[in-house]
Structures are given as structure tokens and as C-alpha cells.
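Per this note's numbering, the very first residue in the sequence shown carries number 128; after that it's consecutive. We treat Cβ as the ideally placed atom computed from N, Cα and C, and that holds for glycine. Because the structure is a prediction, the values reported are computed rather than measured.
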Amino acid sequence: MAVIDAVDLHKVYRLKKRRVTALNGVDLHVRSGEIFGVVGRSGAGKSTLLRSVNLLERPDSGTVEVAGEDLTTLRGAGLRAARRNIGMVHQHFALLSSRTVAGNVGFPLEIAGVDRATRRTRVRELLELVGLEDKARAHPSQLSGGQKQRVGIARALASRPKVLLSDEATSALDPDTTESILELLRDLRDELGLTILLITHEMNVIKRICDSAAIMENGEFVESGRVLDLIGTPASLLARSLFPLPDHGGPDTVVVTYPRSYDEPLMSELTRRFDVDVNILVGGVEKVAGQSVGRLSVDLRGVRRAEALTYLREHGLLVEEVGA
Numbered sequence: 128m129a130v131i132d133a134v135d136l137h138k139v140y141r142l143k144k145r146r147v148t149a150l151n152g153v154d155l156h157v158r159s160g161e162i163f164g165v166v167g168r169s170g171a172g173k174s175t176l177l178r179s180v181n182l183l184e185r186p187d188s189g190t191v192e193v194a195g196e197d198l199t200t201l202r203g204a205g206l207r208a209a210r211r212n213i214g215m216v217h218q219h220f221a222l223l224s225s226r227t228v229a230g231n232v233g234f235p236l237e238i239a240g241v242d243r244a245t246r247r248t249r250v251r252e253l254l255e256l257v258g259l260e261d262k263a264r265a266h267p268s269q270l271s272g273g274q275k276q277r278v279g280i281a282r283a284l285a286s287r288p289k290v291l292l293s294d295e296a297t298s299a300l301d302p303d304t305t306e307s308i309l310e311l312l313r314d315l316r317d318e319l320g321l322t323i324l325l326i327t328h329e330m331n332v333i334k335r336i337c338d339s340a341a342i343m344e345n346g347e348f349v350e351s352g353r354v355l356d357l358i359g360t361p362a363s364l365l366a367r368s369l370f371p372l373p374d375h376g377g378p379d380t381v382v383v384t385y386p387r388s389y390d391e392p393l394m395s396e397l398t399r400r401f402d403v404d405v406n407i408l409v410g411g412v413e414k415v416a417g418q419s420v421g422r423l424s425v426d427l428r429g430v431r432r433a434e435a436l437t438y439l440r441e442h443g444l445l446v447e448e449v450g451a
């Protein structure tokens with residue numbers, strides 16, 4: 128079931144005498160409990176899409192449903208109420224410098240009219256959830272970048288939303304801190320049953336935590352699907368971006384990607400079944416979407432080489448010929 132269901136979104140900005148198409152017929156479907164990443168270059172339309180999901184940016188046409196409610200039919204108080212189901216994490220934290228950590232986290236509850244005792248209890252819960260229970264009285268200027276983003280995440284969760292939107296949440300952070308924030312987002316998804324939509328320009332973010340992803344260019348999705356399915360799809364743009372072909376190897380070199388676990392010794396089977404020579408040049412295993420994905424560069428020679436490659440493909444492996 129789709130918790131985020133956006134259909135045929137269009138958005139055009141008029142800048143002086145120019146028309147800039149930010150969204151051109153985008154369809155976005157994010158299932159319950161899924162982490163969905165949208166990746167693309169600056170200006171591809173990612174931010175406009177994200178802001179359209181909570182109607183901070185109203186599309187020119189198309190519909191946006193979140194948790195079964197059509198936001199594009201709402202305005203005023205009705206829209207504000209619906210947005211309580213949607214939390215937002217910002218790239219540059221957007222914290223109030225004059226308030227403490229506790230004050231920042233509790234701010235949405237204060238605006239919503241929640242009483243002080245309930246706010247205090249909820250803030251304490253949230254700070255424990257993001258590992259900042261000892262920073263309640265600190266101010267943003269006293270925090271590291273990663274700690275500031277944890278405060279931003281806690282604040283986004285204050286109203287117990289079903290959906291969390293992440294706007295380049297890790298782009299301003301160093302690699303180690305990025306890793307810890309991505310781990311936190313996945314843990315929160317698992318613990319709270321959140322559905323997360325994030326935009327990024329970093330392929331590592333897609334590889335690390337996303338269940339599904341889309342590549343966006345010029346206001347359109349040029350490819351979308353479950354990450355593990357795309358990794359096993361020939362000519363997939365996402366697979367090629369996540370796992371670029373090596374620049375080493377000769378005309379007989381192939382790269383074999385295992386998008387799921389295998390107990391069968393497939394390479395040994397090739398030599399027995401097709402009488403080919405298999406020389407493994409380099410290999411490794413990476414975590415993608417929470418699962419292990421193996422990758423081998425193999426020099427494969429023999430009269431029945433083509434049959435051997437077909438055999439691997441029939442077993443669901445992605446086989447790419449480096450010298451082709």
C-alpha cells in the first residue's frame with residue numbers, strides 16, 4: 128500500500144521571460160515502511176518534488192495523497208492538520224539559535240497548543256530516541272553538525288508523523304557523521320514504522336539505506352524501482368552509478384553482480400558445465416538496502432563462453448562485459 132501517492136505532477140516556474148519546468152508529469156509511489164530515495168543533480172527538480180509532497184510547493188496540476196488523504200484538495204486549517212502526519216528534516220538544520228535543544232524539539236508542539244507537561248515528556252522521549260538526552264539545555268551553537276541534525280530529526284518527529292521527508296539531510300556532514308545519521312534514520316524507520324522519502328545527490332545514501340529509488344533529470348524520473356531489482360537489471364542507470372564498471376580488464380573480462388545471496392558455487396559450475404577458464408581478478412561484498420551484494424571481475428575464456436554468460440544471467444545475476 129502506498130503511503131505517498133503522487134500522480135502526474137507538473138510545476139512550471141516563470142522567471143522573467145523564461146519558463147522553467149521543475150516537474151514534468153512525475154508519478155511517485157512510496158510504500159508503507161519504505162525508505163525511498165530520489166537522486167539527481169542540482170536543478171533536476173528534487174527539492175520541488177519533496178516540497179510538493181507536503182504542499183509547501185503547490186503543483187500546477189496532479190494529485191498528492193499522503194496516508195490516504197488528498198492534500199491537493201486542502202487549504203488553510205485542513206492542510207495544516209494534514210501536515211502533522213509529515214515531518215521534515217532540513218539540509219542546514221533550520222534550528223532556532225535562541226532556543227535550547229529542548230526548546231527546538233518542543234517548538235512544533237508549542238505551536239500546536241500542547242500543554243507544557245506533555246511537551247516536556249515528549250521532548251525527553253525524543254531526545255532519548257536520537258541519543259541526545261544529555262544535550263537538552265545546550266544551544267545549537269554548542270553542538271556539532273551531526274548533533275544539530277539529530278535535533279532536527281527529533282523535532283520532525285515531535286507530532287508523531289507517519290511520513291518523514293529528508294531534504295539532503297547529510298550533504299553538510301562529514302562521511303563518519305553521515306553514516307551515523309543514515310543508521311539513525313533506518314533505526315527510526317524500523318522502530319517507529321515510518322515511511323521515509325529523501326532526496327540526495329549522493330549515491331552512497333541510496334546504497335546505504337534506500338529500499339527503492341528514482342533517478343531524476345529535468346523534472347522527470349528517468350528510472351525508478353526497488354534498488355535490489357535495479358541492481359540486477361541490464362543497462363540500469365542506477366546500477367551503473369552505484370557500481371561503475373572498472374577501467375581494468377581486457378576483451379574477455381566480465382563483471383558479475385550478485386543482487387542476492389547464493390549458496391551455489393556458480394563459478395565452479397561454469398568450468399564443469401561449459402569447460403571455460405574462469406580467473407577471478409577482483410571481488411567484494413557491499414551492503415545495499417540492508418542486504419549483501421557481491422561483485423566479481425572475472426576473466427572468462429573458452430569456446431562456450433557465450434553459453435556460460437547466458438547461464439549466469441538465467442540465474443538472476445547481472446553480467447556486464449567490460450570489453451564490449
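Can you tell me where the beta strand (DSSP E) holding residue i begins and where it ends?
| i | result |
| --- | --- |
| Q276 | From DSSP, Q276 is part of no beta strand (DSSP E) but of the alpha helix (DSSP H) over 272-283. |
| L445 | 445-448 |
| K138 | 129-142 |
| A340 | 339-344 |
| A149 | 145-158 |
| E237 | Not the beta strand (DSSP E): E237 falls in the alpha helix (DSSP H), residues 228-238. |
| S419 | 418-428 |
Got a sec? Which residues, its chain only, sit under 6 Å from residue i by beta carbon, not counting five neighbours each side?
| i | result |
| --- | --- |
| V529 | No answer is possible for residue 529: it lies beyond the span of the chain, which begins at 128 and ends at 451. |
| V446 | V381, V383, L436, L439, R440 |
| L155 | A133 |
| A171 | M343, E344 |
Does the Cβ-Cβ distance between residue i and residue j come in under 8 Å?
| i | j | result |
| --- | --- | --- |
| V381 | V420 | no |
| G443 | G320 | no |
| P288 | K275 | no |
| P386 | L423 | no |
| G429 | D404 | yes |
| H217 | G152 | no |
| M330 | S368 | yes |
| A340 | V166 | yes |
Quick one: residues in its chain with C-beta nearer than 8 Å to the C-beta of residue i, no 5 flanking neighbours on either side, listed in chain order?
| i | result |
| --- | --- |
| E237 | R246 |
| E260 | R251, L254 |
| L300 | G272, G273, Q276, I308 |
Distance, Cα to Cα, residue i vs residue j?
| i | j | result |
| --- | --- | --- |
| R399 | N212 | 57 Å |
| L284 | L291 | 8 Å |
| R353 | S225 | 42 Å |
| A129 | R210 | 17 Å |
| L222 | A296 | 13 Å |
| Y140 | S179 | 14 Å |
Using C-beta distances below 7 Å, list every residue in its chain close to residue i, excluding the 5 sequence neighbours before and after it, in chain order.
| i | result |
| --- | --- |
| T175 | K138, A149, L150, E184 |
Between which two residues does the alpha helix (DSSP H) holding residue i run?
| i | result |
| --- | --- |
| F220 | Run containing F220: none; DSSP gives neither H nor E here. |
| S268 | First-last for S268: undefined, no H or E at that position. |
| R440 | 432-441 |
| S363 | Neither: S363 is in no alpha helix (DSSP H) and is coded neither H nor E. |
For the 8 Å Cβ check, are there 3 or more pairs between the segment 255-272 and the segment 206-215?
no
Are the segment 322-334 and the segment 157-170 touching by the rule of at least three beta carbon pairs closer than 8 Å?
yes
With a cut-off of 8 Å, do at least 3 Cβ pairs link the segment 241-249 to the segment 191-204?
no
Does the segment 310-323 touch the segment 139-148, meaning 3 or more C-beta pairs lie closer than 8 Å?
no
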